[in-house]
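**Q** For the sequence shown, the numbering used here assigns the number 14 to the initial residue and increments by one for each residue that follows.
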Amino acid sequence: MSTRNSLSLLVVLLCLGIAGCSKPDPNDPAVQAAISEAQNLGLAYLEENQLNEAEDAFKQLISLNPDDPAGYTNLGIVYLRRGDFPLAEDNLLAGLERAPNDPDIPINLATVY
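1. Taking all protein chains shown into account, do 16 or more other C-beta atoms lie within 10 angstroms of the C-beta of PRO37, making it buried, or fewer, making it exposed?
2. Taking the alpha helix (DSSP H) that PRO61 falls in, what are its first and last residues?
3. At the level of alpha carbons, what is the spacing between GLU102 and VAL125?
4. So with Cβ pairs under 9 angstroms, would you call LEU56 a contact of chain B?
5. Determine, using beta carbons only, whether ALA51 and LEU74 come nearer to each other than 9 angstroms.
6. Smallest Cα separation from ALA107: which of PHE98, PRO42 and ILE118?
7. Using the Cα positions of LEU77 and ALA83, report the straight-line distance between them to the nearest angstrom.
8. Is it the case that the stretch 61 to 68 contacts the stretch 42 to 50, given that we only count it when at least three CB pairs across the two stretches are under 8 angstroms?
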């Protein structure tokens, strides 16, 4: 993670704390950068099977953009890989609620069941 990206992420997180945990504006360039970084880091950690780090990144992604299905879906995959089927199901269903036409989410849910 570059120093610039780390600084942007820190600024976004501080702003969220100062604003009383209000919902971040996903159209804000700093929030967009933090969203992109959290998504990319989470996917990289997932690819390397570093599940704790991937979990943290996807939770951060959800906090930055709670309407985006990707954070929930990928967090569900983390829990699926851990064998935590109830949490996997909860997160995959949350992703499916936000993206009902995504064909990959039901496939992952089938694996959970």
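Idealized CB from N, CA, C, for every residue including glycine. The structure displayed is predicted, hence computed values, not measured ones.
**A** The structure says:
1. Sequence index remark: in the sequence shown, residue 37 carries index 24 (1-based). Looking at its Cβ environment, which holds 16 or more other Cβ atoms inside 10 Å, PRO37 is buried.
2. Mapped onto the sequence shown, residue 61 falls at position 48. Here the sequence assigns Glu to residue 61, which means Pro is not the residue at that position. It is not in any alpha helix (DSSP H) - GLU61 carries neither H nor E in the DSSP assignment.
3. By one-based count along the sequence shown, residue 102 stands at place 89. By one-based count along the sequence shown, residue 125 stands at place 112. Distance between the alpha carbons of GLU102 and VAL125: 7 angstroms.
4. No chain B is present in this structure, which holds just one protein chain.
5. The residue given as residue 51 occupies position 38 in the sequence shown. The residue given as residue 74 occupies position 61 in the sequence shown. Cβ atoms of ALA51 and LEU74: closer than 9 angstroms.
6. Numbered from 1 along the sequence shown, position 94 holds the residue referred to as residue 107. Looking at the Cα atoms, ILE118 is the closest of the given residues.
7. If you number the sequence shown from 1, residue 77 lands on position 64. If you number the sequence shown from 1, residue 83 lands on position 70. Straight-line Cα distance between these residues: approximately 12 angstroms.
8. no
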